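Quick notes on the structure that follows.
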Amino acid sequence: MPAHDDRDGAAVPLDLIPSRLLRPRARRIALLALAVGVVLGVLVWIVAPGWVALLVGAVFAVPPAVGAFLATHRHLLLRGTVVTLSGAFRSRSVDLARLAGVELIVRVGGVSQAVVRVNDGEHNLVSVPLALYANGGGRELDVLALRKLADALATSEIAPAAAISSVLVEQLRAEARDAALGERPLYRAIELARGAGRVPQTTLTDHEVASLVD
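Residue numbering for the sequence shown follows the working numbering, starting at 1176 and increasing by one per position.
Here it is, written out as structure tokens:
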């Protein structure tokens, strides 16, 4: 009797930028923030009470340092049809087979981004970055992650999920043939929003999502 194959139940990372790549920059940001905080604290201490100097230093140093820490402790995983966002202090999950809503969101700027946002109707909402584009290049979710995400969205009973799943499948095909950016659906989503002047952020309509695979 063949062994049970549970590969489909294995967790698939959905991090567009792995935390190992973020850590060096986050470390530099934290150290720079702490250095600025110390310098400002010393300067204020010269002309003000110590507690004021400490407060000023903390205001400038702590938020960037904490933000850098949190950025490297944020992970997205897909296990079967359940996508989970884990942070330093809490996590939340959405079962893509039981979606209440799904949206394809585009953020346009110096660095543009395509994101799929899902919710289960029970106050759980997770955003999955799909691609980043800047200066004629970019970074896209890897092939395995895209395929698993497309498969999971296809299990949903709501039409928008099937439409976005089709976009991801077309994106996979474009990546497989090393298509130019203009032929990739996720990049076309950015261009669509930019051309319509819908910046810095917009949610694509069902018709616009369908047009990405025409």
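Beta carbons: idealized from backbone N, C-alpha and C, even for Gly.
Source: prediction; values computed, not measured.
Exposed or buried, residue i, counting other C-beta atoms within 10 Å across all chains shown (16 or more means buried)?
{"i": "Q1376", "result": "exposed"}
{"i": "P1397", "result": "Residue 1397 is absent from the structure shown; the chain starts at 1176 and stops at 1389."}
{"i": "V1277", "result": "buried"}
{"i": "V1301", "result": "buried"}
{"i": "A1186", "result": "exposed"}
{"i": "I1365", "result": "buried"}
{"i": "V1283", "result": "buried"}
Suppose the cutoff is 6 Å on Cβ atoms and the five residues either side in sequence are ignored; what does the same chain contact list for residue i look like?
{"i": "P1177", "result": "At P1177, the pLDDT of 36 sits below 50, so the modelled position is not reliable and the matter cannot be decided from this model."}
{"i": "A1309", "result": "V1286"}
{"i": "T1378", "result": "E1278, I1280"}
{"i": "L1356", "result": "Y1362"}
Using C-beta distances below 8 Å, list every residue in its chain close to residue i, excluding the 5 sequence neighbours before and after it, in chain order.
{"i": "A1337", "result": "L1328, A1329, S1331"}
{"i": "D1181", "result": "Annotation note: pLDDT 38 at D1181 (below 50); position unreliable, no value reported."}
{"i": "D1183", "result": "For D1183, the predicted model reports a pLDDT of 48, less than 50, meaning its position is unreliable; a value from the coordinates is still stated below. The residues are G1255."}
{"i": "E1358", "result": "A1349"}
For residue i, which residues of its own chain have a beta-carbon under 7 Å away from its beta-carbon, when the five flanking residues on both sides are left out?
{"i": "E1383", "result": "L1367"}
{"i": "A1371", "result": "none"}
{"i": "G1232", "result": "G1212, V1213, L1215, G1216"}
{"i": "L1361", "result": "A1289, L1305, A1306, E1315, Q1346"}
{"i": "V1388", "result": "S1341, V1342, E1345, P1360"}
{"i": "V1227", "result": "V1219"}
So what does residue i bridge to, in DSSP terms?
{"i": "H1298", "result": "Beta-bridge pairing links H1298 to no other residue."}
{"i": "S1287", "result": "Y1308"}
{"i": "G1276", "result": "N1294"}
{"i": "T1377", "result": "V1281"}
{"i": "T1259", "result": "L1252, S1268"}
{"i": "V1187", "result": "L1253"}
{"i": "V1303", "result": "V1291"}
{"i": "G1313", "result": "Y1308"}
So residue i packs on residue j, CB below 8 Å; how close in whole Å?
{"i": "D1270", "j": "T1259", "result": "So it is not a contact: roughly 10 Å between Cβ atoms."}
{"i": "L1279", "j": "I1339", "result": "6 Å"}
{"i": "L1324", "j": "V1303", "result": "7 Å"}
{"i": "L1251", "j": "L1189", "result": "4 Å"}
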